[in-house]
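Q: Sharing a structure with you now.
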Amino acid sequence: GLHTLPKALIPFHYYPEGSRTPLEEHLVEAQAYVRDGEGMCRVHFTILPGQGRKFERLLAEVRPGWEARLGCRFDVGFSYQDPGTDTLAVDEHNRPCRDAAGRLVFRPGGHGALLENLNRLQGDLVYIKNIDNVVPDRLKEPTYHWKRLLGGFLIALEERLHELLGRLRHAADYGVIRDAADFAAQHLALALPADLLDRPVPAASRLLAQALNRPLRVCGVVPNEGEPGGAPFWVREADGSLSLQIVEGAQVDAASPEQRAVWEAATHFNPVDLVCALRDDQGEPFNLHHYCDPEAVFITAKSKDGRTLKALELPGLWNGAMARWLTVFVEVPKVTFNPVKTVFDLLRPEHQPE
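Below is the structure:
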């Protein structure tokens with residue numbers, strides 16, 4: 001039955017030639033903006049343990065037809081969330097929960113656990129989106145357009161970033177420092193020391209190189225219309241500095257009127273529409289764990305067997321797990337965001353056939 005299938009394998013959209021699953025819709029999307037010069041499209045899915053054979057069966061069934069139809073090849077990978085990242089569940093009094101057999105209850109650590117999956121990919125340019133945010137072919141063109149824009153903007157930023165890092169390392173002078181500082185402030189919204197240009201060239205150069213030599217992400221955000229989920233904010237760090245981050249509601253102190261007011265004033269919403277540059281200016285992959293804020297965990301309320309429990313979630317993949325990344329937000333139109341969170345969402349016009 002459908003209730004036993006992962007969302008990626010449930011038929012979402014009807015076409016004259018038959019229904020199509022989210023997995024297939026992602027393959028169709030991939031050929032439009034991640035096809036390389038040799039016609040290869042690399043796609044990676046994170047899946048639940050025990051579901052691998054179902055994915056492989058469907059992929060074996062549909063891939064030959066799509067490759068012939070689209071004139072490309074697909075390199076499709078799968079990975080699992082590491083069970084070692086599961087966290088201990090506790091009750092309302094913070095006592096460890098046990099099941100009927102007396103065993104401790106552990107819960108998945110949230111999507112932040114997927115940071116290691118992303119790290120292992122050793123990718124260069126990586127798009128990240130949710131499995132259920134897909135639309136029929138008749139509505140795909142705006143998505144293609146904005147994905148290409150986000151990716152192109154990321155590449156332009158990365159090329160300038162790598163150029164400046166090379167100059168800072170090998171030909172630093174006050175002109176280079178001024179160029180790098182202007183780029184950091186104007187394009188990456190980085191807060192730099194006010195006396196930066198008064199410091200000796202070697203010290204200023206080291207500070208700028210440290211600030212700029214990080215993973216880079218361009219995040220598409222949509223105008224806030226009350227959808228549940230995270231939002232882009234300025235976050236004040238413990239040292240008083242500010243950084244751009246995506247914040248989840250669970251990270252906000254709901255008991256604080258001030259914090260609640262800030263949260264409710266959010267102008268945009270995070271649809272999980274990210275493009276990431278994961279290599280440094282020498283072409284080496286970053287160790288993404290070095291750019292995570294390990295303190296940015298959060299607690300969520302869950303239930304099991306009729307009992308309320310609290311679950312500790314790791315820093316979210318696009319939240320605390322990317323807290324030390326270079327971050328740029330770009331507004332994208334609402335038409336690019338059409339998630340399916342319940343079966344009723346499939347009744348929306350965006351998911352219906354023509």
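Residues 1 to 354 in full-length UniProt numbering are what the sequence shown spells out, letter by letter.
By construction, the Cβ of each residue, glycine as well, lies at the ideal position given by its N, Cα and C atoms.
#1: List the whole-angstrom C-beta distance separating residue 252 from residue 245, where the pair is believed to meet the contact cut-off of C-beta under 8 angstroms.
#2: Just mark residue 170 as buried or exposed, buried being the case when its beta carbon has 16 or more other beta carbons within 10 Å.
#3: In three-state terms, what does DSSP make of residue 214?
#4: What did DSSP end up calling residue 270 once you bin it into helix, strand or coil?
#5: Compare the Cα-Cα distances from residue 305 to each of 99, 8, 196, 48 and report the closest residue.
#6: Output needed for residue 225: all residues of its chain with C-beta closer than 8 angstroms, excluding positions within five of it in sequence on either side, in chain order.
#7: Once you ignore the five residues that flank residue 79 on each side, which residues in its own chain have a CB closer than 6 angstroms to its CB?
#8: Determine the closest residue to residue 190 out of 104, 24, 324, with distance taken between C-alpha atoms.
#9: My guess is that residue 355 and residue 218 are in contact by the Cβ rule of under 8 angstroms, so how many angstroms apart are they, rounded?
#10: Along the chain, where does the alpha helix (DSSP H) that runs through residue 179 open and close?
#11: Are the region 145 to 153 and the region 174 to 188 in contact at 8 angstroms, needing three or more beta carbon pairs?
#12: Go to residue 47, then tell me how far its beta strand (DSSP E) extends in each direction, as first and last residue.
#13: Go through its chain and collect everything with a Cβ distance to residue 39's Cβ below 8 angstroms, but skip five positions before and after it.
#14: From residue 10 to residue 67, what does the alpha carbon distance come to, in whole angstroms?
#15: Can you grab the Cα-Cα spacing for the pair residue 236 / residue 243, in whole Å?
#16: Got a sec? Which residues, its chain only, sit under 6 angstroms from residue 326 by beta carbon, not counting five neighbours each side?
#17: Could you pull the start and end residues of the beta strand (DSSP E) that residue 18 belongs to?
#18: Could you work out which residue in 106, 163, 348, 220 is closest to residue 302 when comparing CA atoms only?
#19: By how many angstroms is the C-alpha of residue 285 removed from the C-alpha of residue 122?
A: Per the coordinate set shown:
#1: About 12 angstroms separates the two Cβ atoms, so there is no contact after all.
#2: exposed
#3: In the three-state reduction of the DSSP assignment, residue 214 falls in the coil class, being assigned neither a helical nor a strand state.
#4: strand
#5: 99
#6: 269, 334
#7: 46, 117
#8: 324
#9: No answer is possible for residue 355: it lies beyond the span of the chain, which begins at 1 and ends at 354.
#10: Residues 174 to 188.
#11: These segments do not touch.
#12: Looking at the DSSP string, the run of the beta strand (DSSP E) that includes residue 47 is 40 to 47.
#13: Closer than 8 angstroms at the Cβ level, and outside the excluded window around residue 39, lie 71, 72, 73.
#14: 21 angstroms
#15: 7 angstroms
#16: 188, 214, 216
#17: 18 to 20
#18: 106
#19: 6 angstroms
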